[in-house]
Amino acid sequence: MASKKEEKTKVKKTKKVDYNKWGYFFIAPFFIIFTIFSLIPLISTFVNSLYENYRVGLMTIGPDFIGLENFKSIFESDILRYIGNTFVMWIAGFIPQIVVSLLLSIWFTSTDLKIRFQQFLKTVIYMPNLIMASAFAMLFFTLFSTNGPVNSILVKSGLFTENVRFLAEAGWTRALVAIMNFLMWYGNTTIMLMAGIMSIDTSIYEAARIDGANPVQTFFRITMPLLMPIFIYVLITSLIGGIQMFDVPQILTNGEGTPDRTSMTLIMYLNKHLASKNYGMAGAVSVVTFIITSVLSFSVYTMTMSKYRSMTGAKK
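Residue numbers (the numbering used here): 1172 to 1487.
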């Protein structure tokens, strides 16, 4: 009898399946895709930045190992100017974006205002985010061209005596790029900030009202401190997107960064090298872009999180 019981227990043990191993099976696709489409291209970019590799007509030069010479060449060029252009246009678009998004998110989540047609208004606000940047840029290019409808309206209304060459002046061109980035992304930012505000416990606001806090005090003492994690996320993702700004100024200025390269961004400069088949210089610009993005993102995260901890008293 004992032997039969032992045989049954052995059979049961052999049928037992270790489900812990299936976890590796389910996470494997992410690591495979990340390795093929992100890690390998990243490593190859670093490698290419150390080589002289370009094409002149039908003749290919390289690849020849030259060390850091590509980095020396790009810093002897106008790359610092292009970095400055990128940040000027990003900041000009981000400041109104975050201000308007904060106001809209507070209005839509307020229980006192009771705004009607909220779902419709939210849809309208988010709609520009669904439009392709290339279509947006072509629309603005048509509207603000020298003989476009905006100039016609301004001249006929008497605000200007002659047509304004919006795309021939640095200030106007940068302003148009900033306006387009603002219009495309403020809806997405509003939705994320609304989600952050709605996650705050309403009893905190009720306690503040009982204590006599006005809306301004409630916003700066309760909403903003508790909204900081979402705000930090919006800031960092917007910073990364700003550094990678390409499609809007590329189409609006026909890839030349006119006037006089004042709207030439860092990624447009990278695209110039790729278009001329200079893969060594393009790799060096990519590495510089990666370093700038990493350093600034980490710095912004560290500073804002320390501010968040000091405001909320959270532990590190």
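Backbone N, C-alpha and C define an ideal beta-carbon position, used for all residues, glycine too.
Q) Between the C-alpha atoms of Phe1402 and Ala1346, what's the straight-line distance to the nearest angstrom? A) 24 Å
(Q) With a threshold of 6 Å on Cβ separation, who are the neighbours of Gly1264 within its own chain once the five nearest residues in sequence on each side are excluded? (A) Ala1349, Asn1352, Phe1353
Q. Helix, strand or coil: which one does DSSP assign to Asp1431?
A. coil
Q: Pull up the CB-CB distance for Val1321 and Leu1314, whole angstroms please, since I reckon it's below 8 Å.
A: 5 Å
Q. With distances taken from CA atoms, which of Leu1467, Val1459, Val1259, Phe1312 is nearest Gly1342?
A. Val1259
Q. Cβ of Lys1448 within 8 Å of Cβ of Tyr1225?
A. yes
(Q) Three Cβ pairs or more, each shorter than 8 Å: is that satisfied between the region 1409-1424 and the region 1240-1250? (A) no
**Q.** Inter-residue CB distance, Gln1268 and Thr1360 (contact presumed, cutoff 8 Å)
**A.** 6 Å
Q | Collapsed DSSP secondary structure at Gly1329 in the structure displayed | A | coil
(Q) When you compare the CB positions of Thr1475 and Met1365, do they come within less than 8 Å of one another, or not? (A) no
Q. Is the CB-CB distance between Ser1220 and Ala1378 below 8 Å?
A. no
Q) Helix, strand or coil for Arg1336 per DSSP? A) coil
Q: Would you mind sorting Asn1191 into buried or exposed? The rule is 16 or more other CB atoms within 10 Å of its CB.
A: exposed
Q: Please go through the same chain and pick out, in chain order, the residues whose beta-carbon is closer than 7 Å to the beta-carbon of Glu1444, but skip the five residues on each side of it.
A: Looking at the sequence itself, residue 1444 is His, so the reference to Glu does not match. The residues are Met1452, Ala1453, Val1456.
Q: Determine, using beta carbons only, whether Ile1245 and Val1466 come nearer to each other than 8 Å.
A: no
Q) Taking the alpha carbon of Val1471 as the point to measure from, which residue in Trp1356, Ile1407, Gly1228 has its own alpha carbon closest? A) Ile1407
Q: Give the DSSP-derived three-state secondary structure of Gly1451 in the structure shown.
A: helix
Q: Leaving aside the five residues before and after Ser1409 along the sequence, list all residues of the same chain whose C-beta is less than 6 Å from its C-beta, in chain order.
A: Phe1265
Q.
Comparing C-alpha positions only, which one of Thr1424, Leu1292, Gln1388 sits nearest to Ser1434?
A. Thr1424
Q.
Please state the DSSP three-state secondary structure of Gly1233.
A. strand
Q) In three-state terms, what does DSSP make of Arg1252? A) helix
Q: Determine the contact status of Gly1358 and Met1303, defining contact as a CB-CB distance below 8 Å.
A: no
Q) What are the partner residues of Val1227, as DSSP defines its beta bridges? A) Met1230
Q: Pull up the CB-CB distance for Leu1437 and Thr1216, whole angstroms please, since I reckon it's below 8 Å.
A: Rounded, the Cβ-Cβ distance is 15 Å, inconsistent with contact.
Q | Ile1211 versus Tyr1450 - alpha carbon distance | A | 16 Å
Q | Backbone CA spacing between Phe1337 and Thr1344 [nearest angstrom] | A | 6 Å
(Q) What does DSSP give as the partner residue(s) for Tyr1222 in the beta ladder? (A) Phe1236
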